[in-house]
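J.: So the sequences go chain by chain: A and B. For reference, each letter of the first sequence is one residue, going 751 to 944 in the numbering used here. For reference, each letter of the second sequence is one residue, going 751 to 944 in the numbering used here. Glycine is no exception: its CB is placed at the ideal position from the N, C-alpha and C atoms.
Number of protein chains: 2
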Amino acid sequence: MKRPIQKRSLATRAKLIASAQKILTSKDFGALRVEEVVLNAGVAKGTFFAHFPDKDALMERVVSDEINAHLDRIEKQPPPTNLDSLLRQFMPLLQFMTSERYVFDLILRHSGAAAKEEIGPIAQTFGRQIGVLTKWISVGPFRKDVPALILAEGVQAFAIQSMALDFCAINSEMPMHARLRSYLEPWLRPDTLS
Amino acid sequence: MKRPIQKRSLATRAKLIASAQKILTSKDFGALRVEEVVLNAGVAKGTFFAHFPDKDALMERVVSDEINAHLDRIEKQPPPTNLDSLLRQFMPLLQFMTSERYVFDLILRHSGAAAKEEIGPIAQTFGRQIGVLTKWISVGPFRKDVPALILAEGVQAFAIQSMALDFCAINSEMPMHARLRSYLEPWLRPDTLS
DNA sequence: TTCACAAAATGACCATGGTCAATAAATATT
DNA sequence: AATATTTATTGACCATGGTCATTTTGTGAA
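1) Just how far apart, CA to CA, sit K866/B and Q756/A?
2) Specify the secondary structure class of A794/B as computed by DSSP and reduced to three states.
3) Considering only residues of the same chain and omitting the five flanking positions on each side of Y933/B, which have a CB-CB separation below 6 Å?
4) Would a check of beta-carbon distances place A865/A closer than 8 Å to chain B?
5) Taking Cβ-Cβ distances shorter than 7 Å, what residues in chain B pair up with P828/A?
6) With distances taken from CA atoms, which of I857/B, A764/B, M926/B and Y852/B is nearest R838/B?
7) With the cut-off set at 8 Å, would you say S861/A and I872/A are in Cβ contact?
8) Taking a cut of 7 Å between CB atoms, which residues from the segment 837–852 of chain A lie near chain B?
9) State the Cα-Cα distance for the pair M809/A and V787/A, rounded to the nearest angstrom.
10) With R878/A as the anchor, note down where its alpha helix (DSSP H) starts and where it stops.
11) DSSP state of I767/B, grouped into three classes?
12) By how many angstroms is the C-alpha of Q911/B removed from the C-alpha of R931/A?
13) Mind checking which residues open and close the alpha helix (DSSP H) that includes L782/A?
14) Would you mind stating whether V813/A and V853/A have Cβ atoms separated by less than 8 Å?
15) DSSP three-state label for Q756/A, please.
16) So what does DSSP say about D920/A, is it helix, strand or coil?
17) Report the three-state DSSP secondary structure of K805/B (helix, strand or coil).
18) Pair every Cβ in the segment 886–895 of chain B with every Cβ in the segment 812–830 of chain B, then say whether three or more of these pairs are closer than 8 Å.
19) Which value, in whole angstroms, describes the spacing of the CA atoms of T797/B and L760/B?
20) Between which two residues does the alpha helix (DSSP H) harbouring R859/B extend?
21) Decide if G877/A is buried, meaning its Cβ has at least 16 other Cβ atoms within 10 Å, or exposed.
22) Residues in its own chain within less than 6 Å of I900/A by CB, not counting five upstream and five downstream?
23) Between A914/B and chain A, is there a C-beta pair that is closer than 8 Å?
24) Can you give the Cα-Cα distance for R893/A and A902/B, rounded to whole angstroms?
Here is the structure:
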């Protein structure tokens, strides 16, 4: 017979997440160890894996919380009236995503839902991003000959490309936002160019 | 006083690579174990890490060899005269890149050179890709209002986006090449749209 | 209250990538 | 040839993520 989830279990999960967040105030994401999380939370290692399928799942949870906070802020703003303000509103989020190589790789790995499985928290934030971008693009001064959804997906692709190149030694003379702008101008406003 | 690398060392490295390649004829990339590689090559585990900084480095080597073979073929072809033949010529490469989740993640992780370090073999193949694309785009029937290099980088960004979405359960009803085409039409030929 | 049983937690154990002090094998110097 | 010095190899050992049979705890039924 099925029984509901005990509140003890919810408390344990909360302890694990809180423990991770506490550790992350003084350590990089990449330096976080499962061992440390469970020690700090006062539970056994096996308990961790009863709550999260793997370490990535916890990191996903923490990182997606951060991304969602950015998206909350972004969604509160009025739609941008030009490309530069669109860029400006998204930059803090991109900044976070590239704050650490580990974080960027984690996000990349989970930006699409894994095949045939349930959509993960990071993939969900990508869905939200597409939502905001689609709306903003459709009401803003941007090209109308292409569906706003396609344009939004393109912006996402260019953002990822810009972030990836930002980690690259060769291309580091150009700041990320400038690179992104050089893609988005011809993508979103091809008619304004000679 | 410095001495040249011994041929014994080169032989060992070759044995390791050959061993990996042999194993990969009957196993997925993701299932390859360092233990198995050294056993098969008849050397100790420590020897492996004297030749490769980590497992990724070997995988990079093997995967980049494969990519370079594709690029050799691609570079032999005449420049495409339209978008569809451009796509067709690149599809086998993209197919290989998405043949396995492990391979795609590896490629993503190493597509940009790691900061301040030497450029890796996979990053080099991305450089080659940009080279071919830039040339093809500049001589083909594509927009001229944007530098061909920027357009080429955009194609790469869209290719990655298409591959990533191809792994995604939600979006899998649309084949990769069709998705990529829907991005590239407005990116490379914005004037042909209404 | 007691019992039965499902949910939760435990920690010894495993798998695998990676390290390093010690050793062996080349090569240069005498 | 004997010795010194640098390069290459070795394998015991470590770090860390992850598993699972066993035990503990909570809860509904009697």
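T.: In short, the structure shows the following:
1) With a pLDDT of 47 at K866/B, under the threshold of 50, the modelled position of that residue is not reliable, and the figure given next carries that caveat. Cα to Cα, K866/B sits roughly 50 Å from Q756/A.
2) coil
3) F908
4) Interpretation of A865/A is limited by its pLDDT of 48, a score under 50 that renders its predicted location unreliable; no figure is taken from the coordinates.
5) Those within 7 Å of P828/A in chain B number zero; the least Cβ separation is about 27 Å.
6) M926/B
7) yes
8) none
9) 12 Å
10) P871 to V889
11) helix
12) 18 Å
13) Element bounds for L782/A: n/a, residue is neither H nor E.
14) yes
15) coil
16) Inspection of the sequence shows that residue 920/A is occupied by Ile rather than by Asp. Coil.
17) helix
18) yes
19) 12 Å
20) R851 to H860
21) exposed
22) none
23) yes
24) 21 Å
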